[in-house]
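A.B. asks:
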Amino acid sequence: MTTVSALRPGKCVEDALQALKFLREQYPEKSFLYTIVGDGQEEAFYKKTASALGLNDIVSFVGRKTESEIAEILSRTDALLMASDIETFGIPAVEALAAGVPVISTRCKGPESFLNDDCAEFCNVHDPKDMEDAILRMAARSDTLDEAKIRAAAKPFDSVAVAEHAVQIYREALEKTK
0 MTTVSALRPG KCVEDALQAL KFLREQYPEK SFLYTIVGDG QEEAFYKKTA SALGLNDIVS
60 FVGRKTESEI AEILSRTDAL LMASDIETFG IPAVEALAAG VPVISTRCKG PESFLNDDCA
120 EFCNVHDPKD MEDAILRMAA RSDTLDEAKI RAAAKPFDSV AVAEHAVQIY REALEKTK
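Position 165 of the sequence shown, counted from 1, bears residue number 164 in numbering that gives the first Met the number 0, the numbering being contiguous throughout.
1) Can you name, in chain order, every residue of its own chain whose Cβ lies under 7 Å from the Cβ of Ser83, other than the five neighbours on each side?
2) Indicate whether Val93 and Ala160 have their beta-carbon atoms separated by less than 8 Å.
3) Anyone know if the C-beta pair for Glu146 and Ala133 falls short of 8 Å?
4) Pick helix, strand or coil for Ser104, following the three-state DSSP scheme.
5) Quick one, which of Asp116, Leu96, Asp77 and Ala51 has its alpha-carbon nearest Phe31's?
6) Could you pull out every residue in the same chain whose Cβ sits closer than 8 Å to the Cβ of Thr87, ignoring the five residues on either side in sequence?
7) From Ala179 to Gly53, what distance separates their C-alpha atoms?
8) What residue from Thr34, Glu13 and Leu19 has the CA that sits closest to Pro27's CA?
9) Which parts of the stretch 120-163 are runs of the alpha helix (DSSP H), unbroken and 4 residues or longer, counting only runs that do not cross its ends?
10) Which residue wins for smallest C-alpha separation from Glu13, given the options Tyr33, Lys29 and Glu24?
11) Can you name, in chain order, every residue of its own chain whose Cβ lies under 7 Å from the Cβ of Val124, other than the five neighbours on each side?
12) One question on the structure: do Leu73 and Val102 come within less than 8 Å of each other, judged by their Cβ atoms?
13) For Leu22, which of Asp129, Asp157 and Ala165 has the nearest alpha-carbon?
14) What is the rounded straight-line gap between the Cα of Thr1 and the Cα of Ala49?
15) Which whole runs of the alpha helix (DSSP H) in the stretch 41-120 are 4 residues long or more, in chain order?
16) Determine the extent of the alpha helix (DSSP H) in which Leu19 is found, giving its start and end residues.
17) In whole angstroms, what is the alpha-carbon distance linking Gly39 and Ser4?
18) Leaving aside the five residues before and after Gln167 along the sequence, list all residues of the same chain whose C-beta is less than 8 Å from its C-beta, in chain order.
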C-alpha cells in the first residue's frame, strides 16, 4: 500500500498507521508493507507514530519524489491509501487510477466525485477500524479488479479530456457574447 501526500495537518496518516497496526494484530502471519511518499511539517510526527505503534519494519518513508519516481512506486503497489479528513479533489488518486492502481479513500469529499466501485473502497474519516475493513475489502477483491476499468476512471482527467473540456467552455462563453 502507498500514500502519496504532503505530510501536513489534515492528511491523517496517523489513522492509516493505526489501521495498519490493527491489520498486523489481526493477521500476524501476513506481511504488509506501507510506503509513504512525501514530506512536510507532520513527517516527524508520523515517523514517531509509526515507531510507537511498532511498525518501523513495514512502514517506509521515502520522502518527496519526482513524477516519474511516483509513477514507478505506484507501478509496484497494490493500492493507494488516502486518509485525509478533507480533499477538494485528490490528484494522487487520479495518478494511481491512471497507473491501474485501485484506491482506498476516506469519505473526504473530492475523491467521492470520481471514485467508484470499479476502482475504490471507501471508509469513514478518522476511523482506523473502518479503514482496516476497507483495506480488507480491497484485498479480498484484488484478483477480480479490472485494470481497464480502474484506468477508465482516470480518463476524464487526462490532458486531452481536460483540454477538450476547456475548449468547450470557451466556445460556450464566446457563443454567449455574440
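Just so it is clear, CB atoms sit at the ideal spot from N, CA and C, and this is done for glycine as well.
C.D. replies: The short version:
1) Excluding residues up to 5 positions away in sequence, Gly9, Lys10, Cys11, Thr105 and Cys107 lie with their Cβ nearer than 7 Å to the Cβ of Ser83 in the same chain.
2) Going by C-beta atoms, Val93 is not nearer than 8 Å to Ala160.
3) In this structure, Ala133 does not lie closer than 8 Å to Glu146 by Cβ.
4) If DSSP states are grouped into helix, strand and coil, Ser104 belongs with the strands.
5) Of the listed residues, the one whose Cα sits closest to Phe31 is Asp77.
6) Closer than 8 Å at the Cβ level, and outside the excluded window around Thr87, lie Lys108 and Gly109.
7) Only positions 0 to 177 of the chain appear in the structure, and residue 179 is not among them; the question remains open.
8) That would be Leu19, whose Cα lies nearest to the Cα of Pro27.
9) If we require 4 residues or more, the alpha helix (DSSP H) runs fully inside the stretch 120-163 come out as 127-139 and 146-153.
10) In terms of Cα proximity to Glu13, the closest of Tyr33, Lys29 and Glu24 is Tyr33.
11) Contacts found: Asp84, Thr105, Arg106 and Cys107.
12) Contact: no.
13) Minimum Cα distance to Leu22 is reached at Asp129.
14) Distance between the alpha carbons of Thr1 and Ala49 is about 14 Å.
15) For the stretch 41-120, the full-length alpha helix (DSSP H) segments reaching 4 residues or more read 42-51, 66-74 and 90-97 along the chain.
16) Unbroken alpha helix (DSSP H) run through Leu19: Val12 to Gln25.
17) Roughly 9 Å separates the two Cα atoms.
18) Contacts found: none.
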